[in-house]
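Just so you know, my numbering puts the end of the sequence shown at 487, numbered straight through with nothing missing.
Ideal Cβ placement from N, Cα and C applies to all residues, glycine included.
Predicted, not measured: the structure shown is a model, and the values here were computed from it.
Structure first, then comments.
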Amino acid sequence: MYKKPEFDAKYKEHLTNKIFDLKKKKGALIVAHNYQRDEVQEIADLTGDSYALACRVKEAKEELVVFCGVKFMAESAHMLSPDKTILLPVEEAGCPLADMATIEKLREKKREYPEAAVVCYVNSTARVKSESDICCTSSNAVQIVKSLSQKQIIFVPDKNLGRYVAKHVPEKEFILWDGYCVVHMRLTKDEVSKTKEIHSEAKFIAHPECREEVLELAEYVGSTAGMIKYVKESTDKVFIVGTEKGIIYRLNRDNPEKEFYVPTDQFICANMKLTTLGWLVRALEKEVYKITVPEEIAKKARVTLERMLEVTV
Ligand code: 13P
Ligand code: SF4
Numbered sequence: 175m176y177k178k179p180e181f182d183a184k185y186k187e188h189l190t191n192k193i194f195d196l197k198k199k200k201g202a203l204i205v206a207h208n209y210q211r212d213e214v215q216e217i218a219d220l221t222g223d224s225y226a227l228a229c230r231v232k233e234a235k236e237e238l239v240v241f242c243g244v245k246f247m248a249e250s251a252h253m254l255s256p257d258k259t260i261l262l263p264v265e266e267a268g269c270p271l272a273d274m275a276t277i278e279k280l281r282e283k284k285r286e287y288p289e290a291a292v293v294c295y296v297n298s299t300a301r302v303k304s305e306s307d308i309c310c311t312s313s314n315a316v317q318i319v320k321s322l323s324q325k326q327i328i329f330v331p332d333k334n335l336g337r338y339v340a341k342h343v344p345e346k347e348f349i350l351w352d353g354y355c356v357v358h359m360r361l362t363k364d365e366v367s368k369t370k371e372i373h374s375e376a377k378f379i380a381h382p383e384c385r386e387e388v389l390e391l392a393e394y395v396g397s398t399a400g401m402i403k404y405v406k407e408s409t410d411k412v413f414i415v416g417t418e419k420g421i422i423y424r425l426n427r428d429n430p431e432k433e434f435y436v437p438t439d440q441f442i443c444a445n446m447k448l449t450t451l452g453w454l455v456r457a458l459e460k461e462v463y464k465i466t467v468p469e470e471i472a473k474k475a476r477v478t479l480e481r482m483l484e485v486t487v
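Following this line, the structure appears as structure tokens:
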């Protein structure tokens, strides 16, 4: 009989050893987003949300960084740390939300609302960042918007996060971009309600990229790092998790005595799952794929990221 688990365990050990050898030989740092595969999070030097990873890469002493995540994250890391080599193991690992805004359409919007400040979610292309005033992530969006003197805000590209921020900053007027995360939009209010009926004692935590009616059911809304912190500090024992399934690895690791349920099996970001241990070996061996942003775009986009870091406490 074919014993798949044993083979998988041996192969995984083989790849893991290779990664550790190459990492040591090249003096590389491996960082992974909270949605990465379990085995990738397991071997990473650090895991985190978009904000934490960008900051940690900037502070890192290593000159070679393997970024296990999606392209906009690696681009931001590169723009904040232009002297480091940032590798994305799978070149095609993109973010459909980031591609929902273009610089041309954003320029049109700016012409329509010349008084407005443009706040751009980090899940965006470098070109869109370069046309914005300041960047934000899901962990600091409310704080960033509150820090601005302008009354009108063009929020690009995620309408769900934008609407969530607007509710927390009612004194400002929001012009929301019509973009969304295809993964978080899949979660419906009914799926959450049904899961709540089965686990009536559970607390529902959600990412702000979820639909408005889903967020209304949440006891906590925050970034992936925010959710991890909330669960760790909570005295509750059972949680329904409204974000990509990859986060369960970290939640289980940090809280072995707590239980976690996802309201839908569809909560998978295919782009985040492209990175495997095999591609990670290749990335370190061949030093691919080097993420760069043309300097004329990076020069302006970097300012929006640096402004975000200055404002965030
Ligand atoms: P976080 O910054 O909360 O980790 O989210 C990134 C992301 O892509 C959410 O879909
Ligand atoms: Fe982009 Fe959504 Fe995947 Fe996050 S979960 S990387 S927003 S597609």
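Hey, would you say residue i sits closer than 7 Å to residue j, going by beta carbons?
i: S408; j: S312; result: no
i: K411; j: V436; result: no
i: S298; j: P256; result: no
i: S323; j: T478; result: no
i: K370; j: E347; result: no
i: E390; j: H358; result: no
i: I442; j: A300; result: no
i: I465; j: H252; result: yes
i: V302; j: V319; result: no
i: E350; j: K333; result: Reading off the sequence shown, one finds Leu at residue 350, where the question assumed Glu. Cβ atoms of L350 and K333: closer than 7 Å.
i: M482; j: C294; result: no
i: K284; j: L254; result: no
i: A234; j: A399; result: no
i: F241; j: C269; result: no
Applying the criterion that 16 or more other CB atoms from any shown protein chain within 10 Å of the CB defines a buried residue, is residue i buried or exposed?
i: R424; result: buried
i: D352; result: exposed
i: R476; result: buried
i: D223; result: buried
i: V292; result: buried
i: N191; result: exposed
i: K249; result: Looking at the sequence shown, residue 249 is not Lys but Glu. It is buried - the Cβ of E249 has at least 16 other Cβ atoms within 10 Å.
i: P488; result: The requested residue 488 is not part of the displayed model; the chain covers only 175 to 487.
i: Y185; result: exposed
i: I372; result: exposed
i: A444; result: exposed
With distances taken from CA atoms, which of the options is nearest residue i?
i: E375; options: A315, S367, D223; result: S367
i: I402; options: T221, D364, A272, L458; result: T221
i: E345; options: Y354, N334, S321, M359; result: S321
i: Y354; options: D364, E371, F329; result: F329
i: K432; options: D439, N314, A290, F413; result: F413
i: A272; options: V316, V244, K473, A290; result: V244
i: D195; options: R456, Y209, T362, G268; result: R456
i: E236; options: K198, A315, C294, W453; result: K198
i: F378; options: V343, T417, R360; result: T417
i: V405; options: N429, V388, A392; result: N429
i: E265; options: T438, V462, R211; result: V462
i: K363; options: Q210, E386, E480; result: E386
i: A267; options: Y287, W453, P288; result: W453
Tell me, which residues are paired with residue i by DSSP?
i: V240; result: I204, L261
i: Q326; result: E347
i: A291; result: I327
i: A380; result: V395, G416
i: Y435; result: I414
i: T221; result: A206
i: D332; result: G353
i: I308; result: V293
i: K464; result: L261
| query | Is the segment 444-462 in contact with the segment 276-292, if contact means three or more CB pairs nearer than 8 Å? | reply | Cβ pair count under 8 Å is below three, so no.
| message | Assess contact between the segment 201-212 and the segment 242-260, defined as three or more Cβ pairs (one per stretch) separated by less than 8 Å. Is contact present? | response | yes
| Around ligand 3, what residues have a beta-carbon under 7 Å from a heavy atom of it, in chain order? | Ligand 3 is not among the ligands present in this structure, which contains only ligand 1 and ligand 2.
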